Amino acid sequence: MAVESIHARPEAARIGGPLAPEVERDQGALQREGDRREQHGTSKGASRHWRGTRPAVLARWPAARHGTLLLAGLLLAALVGACSRRETPAPAARPAAPAAATAQTFHGGPAAHPNDWCGSHGVPESECTRCNPELIPQFQARHDWCGEHSVPESQCAACHPELLRQGVAAPRPRGAPPTPAEQGEHGDRTPRSDASAGLAPGTMVRLASPTVAAQAGLETVTATTRPLADEVAVPTRLAFDATRLARVSARVPGVVRTVAVGVGAVVRSGDLLLTLDSAAAAATRADVEAARTRTRISETALQRARTLQAEGIGSLASVERAEAEHAAARSSLAGFVAAGTAVSGTGRAVRVLSPRAGVVVARAAAVGQQVTAEEVLVEVADLSRMWAILDVPDAQAPRLGVGQAVAIELDGF
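Counting in numbering that gives the first Met the number 0, the sequence shown runs from 0 upward without gaps.
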């Protein structure tokens with residue numbers, strides 16, 4: 000090693016010109032001395048120091064002073080030997096890994112310390128994201144994260160109940176491809192138990208025990224055979240019975256003066272609903288009185304004609320004519336009486352009465368409102384019986400028939 004160091008820098012030996020034969024002999028002696036010291040443990044660092052300085056020093060000595068040169072070379076060799084005897088401190092012995100340090104982490108690597116375990120959460124302390132939330136981005140970057148339960152997928156016992164039996168996941172050498180049992184819907188970082196390889200196709204979740212099912216609120220029953228009812232579900236709306244609904248109008252135009260009832264009021268037949276001020280009502284009452292007068296006159300004329308005929312003075316034709324006039328007067332009076340009954344009152348006042356018992360379900364009249372003879376002012380309905388109108392599509396109509404039972408579900412009841 001020392002010989003190679005002396006001859007490794009020939010350019011340094013050329014600084015003072017060609018070496019004399021005595022210098023070459025001195026170099027041979029130094030070479031032998033270097034070999035001897037190297038065999039006794041001369042350090043490599045000293046060899047490098049010797050290699051970098053000794054040829055240049057030797058090149059500067061004249062050839063005639065070879066004795067001095069030999070003495071200087073021996074002193075230099077002694078100095079290098081002293082430096083080489085300095086012992087390099089031995090590296091600190093690596094402490095033996097305790098047996099507990101062989102515990103495996105969830106991603107297949109060794110635990111960092113024999114006490115690297117979080118007793119509160121049952122995972123290695125160095126991988127406990129609940130104690131160390133700053134670890135979450137690292138697991139998410141490795142696609143090892145269960146977003147449903149906010150824990151690493153490889154630690155999620157809710158998704159993988161087999162972790163409760165194993166304690167930790169079965170380790171896999173770093174860089175090794177995942178085994179078929181580890182392949183699953185959550186990727187190759189998800190630990191799987193050996194029993195999962197025998198699951199039937201389509202199995203999504205396998206609970207660890209019936210206790211887990213009870214805690215999750217799952218219940219099962221035995222399948223039985225029972226008859227199923229054929230039902231047709233259609234939209235339904237309620238309506239009033241048209242045969243028990245009265246739409247009341249004034250029958251004469253006028254202005255509403257008072258309103259006696261409101262929506263929801265219970266009324267009986269003949270109860271007052273509202274009053275109007277109507278000029279037409281006064282004319283109607285005059286027509287009634289005129290009809291009554293004509294009826295009385297026609298009746299008197301008929302009686303006189305019959306008397307004359309009985310005495311032989313009057314003819315049969317005069318009697319028949321008197322009978323026809325009396326019948327016309329009575330018919331006219333009946334019409335006006337009916338109108339006068341509906342618009343009972345005196346003078347211009349008109350009293351609108353309820354034609355039946357029931358509940359006021361609508362009211363369109365307001366005080367001061369101008370109304371017509373045909374306008375509906377109040378609606379009175381009997382709510383003891385209602386209609387249910389079913390909107391049945393044409394495609395479902397053939398499945399229905401007269402006499403079928405109907406069950407009605409109302410949101411308000």
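Here a beta-carbon is modelled for each residue, glycine too, at the ideal position from N, C-alpha and C.
Predicted, not measured: the structure shown is a model, and the values here were computed from it.
Taking DSSP as the reference, what is the three-state secondary structure of residue 167? Because residue 167 carries a pLDDT of 47, less than 50, the predicted location of this residue cannot be relied on, and no value is offered for it.
Could you check what DSSP says for residue 369 in three-state terms: helix, strand or coil? strand
Note the first and the last residue of the continuous alpha helix (DSSP H) segment covering residue 296. 278 to 310
Verify whether the separation of the beta carbon atoms of residue 259 and residue 370 is less than 7 Å. no
Do the CB positions of residue 266 and residue 364 come within less than 7 Å of each other? no
Is the Cβ-Cβ distance between residue 347 and residue 276 less than 7 Å? yes
Put residue 407 into one of helix, strand or coil per three-state DSSP. coil
For residue 248, three-class secondary structure by DSSP: strand
Measuring straight from C-alpha to C-alpha, what distance separates residue 273 and residue 351? 5 Å
Is there contact here, the region 305 to 317 with the region 384 to 391, by at least three beta-carbon pairs under 8 Å? no
I'd like the span of the alpha helix (DSSP H) that includes residue 232, first residue to last. No alpha helix (DSSP H) holds residue 232; DSSP gives it neither H nor E.
Pick from 125, 251 and 137 that is closest to residue 278, judged by C-alpha positions: 251
Considering only the alpha carbon of each residue, which of 284, 379 and 403 lies closest to residue 269? 379
With 16 other CB atoms within 10 Å as the buried threshold, where does residue 49 fall? Here residue 49 scores only 39 on pLDDT, less than 50, and its place in the model should not be relied on; the value that follows carries that caveat. Answer is buried; the Cβ neighbour count reaches 16.
For residue 216, the three-state DSSP class (helix, strand or coil): coil
What is the rounded straight-line gap between the Cα of residue 123 and the Cα of residue 213? 29 Å
Within this structure, are the beta carbons of residue 305 and residue 328 separated by less than 7 Å? no
If you drop the 5 nearest sequence neighbours on each side, which residues of the same chain put their C-beta closer than 6 Å to that of residue 307? 313
Which residue comes first and which comes last in the alpha helix (DSSP H) that contains residue 140? 135 to 140
Just to confirm, are residue 160 and residue 232 a CB contact at a threshold of 7 Å? no
Just to confirm the assignment, what range does the beta strand (DSSP E) spanning residue 357 have? 357 to 362
Answer with buried or exposed for residue 362, where buried requires no fewer than 16 other C-beta atoms within 10 angstroms of its C-beta. buried
Would you tell me roughly how many angstroms separate the C-alpha atoms of residue 271 and residue 263, rounded to the nearest one? 15 Å
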